[in-house]
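Input: a single structure, listed below in structure tokens.
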Amino acid sequence: MKRILLLFLSFLFIILSLNSLQLKDLEFYKKYYKKNLDFFVKANKKTYDLKNSYPEFFQPSKRSIIDFEKKGQDTIRVLVLKVEFLEDTTSLTTGNGKMDLRRSTDNIYVIDTIVNGSDTLIDTSVNIYYKPAHDSLYFHRQMEALRNYYLDDSRGKLYVDFEIYPKGLYDCYTVKHQMQYYGDTLNIVYGMFYLLRDALKEAEIAGGVDFSKFDAVIVFHAGSMWQTDYNGDSPFDLPAVYIQGASYIFGEPVTVGGKSFEDGIIYSETAIQDGGYAFIQGGLVHEFAHQLGIYDMYDTSNRRMGMGGWNLQGTGNWNLAGLVPPHQGGYNSTSRFNTKPNNDYSNWIHFNQTKTIYKDTTGLRIKFLGSDEDTSIKFYKIPLNSHEYFLVENRFAFSSKDTISNSIDSNGFRVWKDGVLVKINDYDMSLPCPIDSGGLAIYHVDETIIVNDSGYNMINAGPILGVDMEEADRVQDFELYYTDVVDWEKTFYGTYDDLFRSGGVSNKFTPKTYPNTDANNFGKTHIYIYDISSSDTVMTFSVLFDFRREGFPFTLKSAPDVNSPKILKKDGKNYIIVQTENGEIYAVDYEGKPLSGQGVVGTYNVNSYSYSTIAIGNVSDNYGEEISFTDYDGNIYLLRTDSLNSRGYFLPLKNSPQNIKGKILSSPVLYDVDRDSFDEVLVTGENMYLYLLDYDSTGFYKKDSTYLYSSSWSLPIVLDDKIVTLGFDGVLRFFDFDLNQLFYSKTEYPYPTTSSPIACDIDGDSSVEVIFVRGDGTFFIVSSLDGRIKSSKKLPFDNFYSSPVPIDYNGDGIFEIALIAQNNLYLLDLNGNIVNGFPKTFNDQIQSSPLSVDLDDDGVNEILVHTKNGLLVSFSNRAQSPGFPLSTGQYSNSTPLVCDLDNDSLVDIVACSDSTIMAYEIKSKLNEKNWSSLHYLNSNNRYFKYSSTKSSGDLLIVDDGNNYIYPNPTNGIAKLRFSTQAAKEFSFMIFDQSKTLKYSSPKYQAKIGINEMDLSLDFLSPGFYRLRLLLSDGERTVYRNFNFGVIR
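Numbered per this note's numbering, the sequence shown spans residues 139 to 1186.
Listed below in structure tokens is the structure:
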């Protein structure tokens, strides 16, 4: 028994000793790599320079060489050509133009009889400095290594078949030039294409090659690679790269044997020179990735690293001196194998699937990337907004412990054949972390940047990276510009502390950490990735979406453009309903669950476009609520919502749609005009008519119309006794319910007005005013009693589509008006004066409209704006609302919806950005004085039935921060601004410093509230002056002095 135990312990000792030795060998490779890092940094920078200089020739392939519809494994067939040059004696290239058939004089194996201090064990390991002859067997082993890498990295889905020509062990094709002809530094790109062409032509001349069966070509040539010319003494060596674009160089593809080639890989027999020892396995699989359509993850503009050794397409091709390339990792592992010559996402094959997290989840388990288990989840996707997401993977430098064999070619951990490493148990052992260690790698992926910048293979070349590895050590080394790099190991290779893990620098990634979870437009996402476990082959973590509603973002087939969401109540639930520009109607509940199928409940204007926000009301007496919308071709639709047809679509009512024989860019308004308890539909058109439509037993029909004297994109407003329209000409027209014109406003102007008016009692006089902003940027308040202009203000910028809304911004009971002109948010008082602190300026012109909503539960509404670049921004009279701005996506013209989706009395915000719906819940209660959607009511009637409190008080001048002259000093043109509660008239005098009267004004009528008056001061010389303001209510007089300066 004791003997058996001793044998077992000896056996166990052997296992542990051999495993320890394997790890020692691998750590030696890593130490060599780090010690000689400068050699590889310089080699990498040369590649970056080359691709940056000629980006059009180094783009990944757009050809389809993978059958992504094929079940199981797909095969790619590669033609491998061995090529020599005419012999030379020049020092401008490495070697003499012929393959190096010399073997090392030392042994391929190293025999070690002292293992862990014991001479009882004998270990045989590979001598990594051994150089085999570069014959056909050598290149076969290199291609075998490439095949094994992609079998492993693709989870067995991709098999690389290859044939090497010419067939003889030592035979090569000889091109008709010396190497320096092809490597001429002044024509380096042409030289590589010439070599590709000449190699193929030599193979065609020699015969015996069936070119038609090959998908790709690799040319192995004599000599060393240009990148590893560390000393710069062989500048005519050839770069080892994938090239594409033969038709650009030659005017047509290279055609041999009836097969045309546009692209190929040019690769050297070795990378060893100038005292540097580099292997070609890593670079070869890196360039072959481009043949598959995979983009670089490093900064191809050669300003920053972009991505280090965590990714093959970063600097991973140099990991362990190129001996062991890591897995693609991150974005490339999940979605970057291009299978068609275009950017259609549906044509990309996925070698690894992702699981998307849409709700708060704890204890998510994630297997390490190198695991052979296909059923385990290796990638989690956490959406930020319409186009950004975090991609989470477990990177672990795994080492095999499943064998005790020390046979060179079968030890289970690595397989050497004829002096070439052809296979390794897990390629991620070359990662920057120690062996048997790892953690979570988190990438910030921006699909918009990827689509926009992939054309020239520059995904990580812009100011914001398309795939940004969030480095847990709080220093974003991969984003540093080269001039700012202090530690090249951290920047070029990476460190263990880049990974998130318990026991590391950070075990969480939140809005409060550095880096944080903000979106690329600096909007808040409020995503928490936390409770990350310690390093292991299976790790756990949790995700929290603060603010974000569960189930969102919800993806649409196309973007809504200016169309904005509404709430549809059906079967006791609230549904978000919105129409896209292409005519799909979506209905989605508060958890992001579609009402039908993929969410589409109607596609009715497939041959046109729609710029219509849905109106909801009760038009017929049979079907409950109906929805109405328009399209650009002049169709007005009416659909029932009580049931769905077999396709899951809402059913049209009889005779829907109705066509007006003209274009429509406005939305319908529903209102019971004829007092029959059912709504009618009102629509304005570009054909200069207002239409009134109704529904009866015969179906949907046009009931009446009236001429508007101008095209109109603006929605009509229905008051208690009038209908108001606004035309391109900037004129308000008032009609009775029989569509007889009563009067109109004298606000005509030739610049087209495209926004919609609002109606409310803005001044608290118990009569309704109609408020709008004309196309040229002039703001008007017009009486609904007679069309008289009560106040106006010319703003510096014009206005397009965005419409004004009322808001009690400071909580005093008096409404101001928020409106947008180009890229400026204005807040105007009832006299048309700009409120202090405004305008607020954005980067881009905005077409969405502002909203009025209480976002911080203080009882006072904030202004909510959805910017063109996908930010929900709030503006408060006090402080910034907590948690804002929120990021919804990349691009939006759609106005958000403020509502209560789940009937909990809290504010929900629904926003459409790009082709997605986002939904958030804010810890604030809804109040009844919100302006909650683009057109206010579900019916789209923009009549706000709340009145301002009548201004009260007896102060002749109010010290509310509105008493000043601006600009001050002035060059002669200025404005006098003051605030009053009771003054009826005012005048002023101007004195110089010697108290000499320089000007005395006549008396002017004062308005309650803020008053502004233009001052023309050109008659004053440069200097300091005092303006004395006199205000009077007929019985009292008050004076206020204003000091100002004049400059020229």
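All C-beta atoms, glycine included, are put in the ideal place defined by N, C-alpha and C.
- By the beta-carbon neighbour count (other beta carbons within 10 angstroms, threshold 16), S1090 is exposed.
- For L422, the closest alpha carbon among the candidates F517, T472, F358 and D437 is that of F358.
- When the alpha-carbon of D1156 is set against those of Y947, E824, N773 and I1185, the nearest one is in I1185.
- If you draw a straight line from the Cα of I602 to the Cα of Q983, it is about 22 Å long.
- Cβ contact annotation for K792 (same chain, cutoff 6 Å, sequence separation greater than five): G837, in chain order.
- When Cβ pairs closer than 8 Å are counted between the two stretches, the segment 670-677 is seen not to touch the segment 715-732, the count staying below three.
- Within the same chain, and ignoring the five residues on either side of K1145 in sequence, the residues whose Cβ sits closer than 6 Å to its Cβ are N969.
- Taking a C-beta distance under 8 Å as the contact criterion, V583 and Y724 do not qualify as a contact pair.
- Segment contact: the segment 911-927 against the segment 1051-1064, fewer than three CB-CB distances shorter than 8 Å; contact not assigned.
- The beta carbons of Y742 and Y770 sit no closer together than 8 Å.
- Taking K1136 as the centre and dropping the five residues before and after it, the same chain places the C-beta of I1128 and D1130 closer than 6 Å to its C-beta, in chain order.
- For D212, the enclosing beta strand (DSSP E) has its first and last residue at D212 to E222.
- Of the candidates S990, T863 and E617, T863 places its Cα closest to the Cα of G925.
- When the alpha-carbon of S1170 is set against those of D810, D401, A1121 and L376, the nearest one is in A1121.
- Its Cα nearest to that of T366, the residue T408 stands out among E301, D635 and T408.
- Distances from the CA of R686 to each of L578, Y845, A610 and L522 were compared; the closest alpha carbon is that of L522.
- When the beta-carbon positions are compared, S1071 and Y809 stay at least 8 Å from each other.
- In the three-state DSSP reduction, K1083 falls in the strand class (E or B).
- When DSSP states are grouped into helix, strand and coil, F277 belongs to the helix group.
- In this structure, I404 sits near L334, with a CB-CB distance shorter than 8 Å.
- As the crow flies, the alpha-carbon of L1165 is around 34 Å from that of R912.
- The beta carbon of T232 is closer than 7 Å to those of G361, S362, S372, D375 and Q411 in its chain, skipping five residues each way along the sequence.
- Under the three-state reduction of DSSP, W364 is assigned to helix.
- Separation of the CB atoms of Y311 and V221 is rounded to 5 Å, and the pair is thereby assigned contact status at 8 Å.
- Selection A697, T892, G641 and K662 evaluated against M677 yields G641 as nearest (Cα-Cα).
- DSSP places T513 outside both helix and strand once states are collapsed to three, so it counts as coil.
- Cβ atoms of I1060 and V1045 come within 8 Å of each other, at about 4 Å.
- Scanning the segment 783-845 for uninterrupted beta strand (DSSP E) segments of 3 residues or longer gives 788-790, 807-809, 818-822, 827-834 and 837-845, listed from N- to C-terminal end.
- In this structure the segment 810-829 lies against the segment 847-863, because at least three pairs of beta carbons, one per stretch, are closer than 8 Å.
- Burial check for K505: the Cβ neighbour count within 10 Å reaches 16 or more, so the residue is buried.
- By the neighbour-count definition (other C-beta atoms within 10 Å, threshold 16), P570 is a buried residue.
- Bounds of any beta strand (DSSP E) do not take in V869, whose DSSP letter is neither H nor E.
- In the three-state scheme derived from DSSP, where H, G and I count as helix and E and B as strand, Q318 is classed as helix.
- In this structure, the alpha-carbon of A1017 lies about 28 Å from that of N1041.
- Annotation note: the segment 602-674 contains the following uninterrupted beta strand (DSSP E) runs of length 3 or greater, listed N- to C-terminal: 605-608 and 665-668.
- In the DSSP assignment, N590 falls outside any beta strand (DSSP E) and within the unbroken alpha helix (DSSP H) covering E585 to D591.
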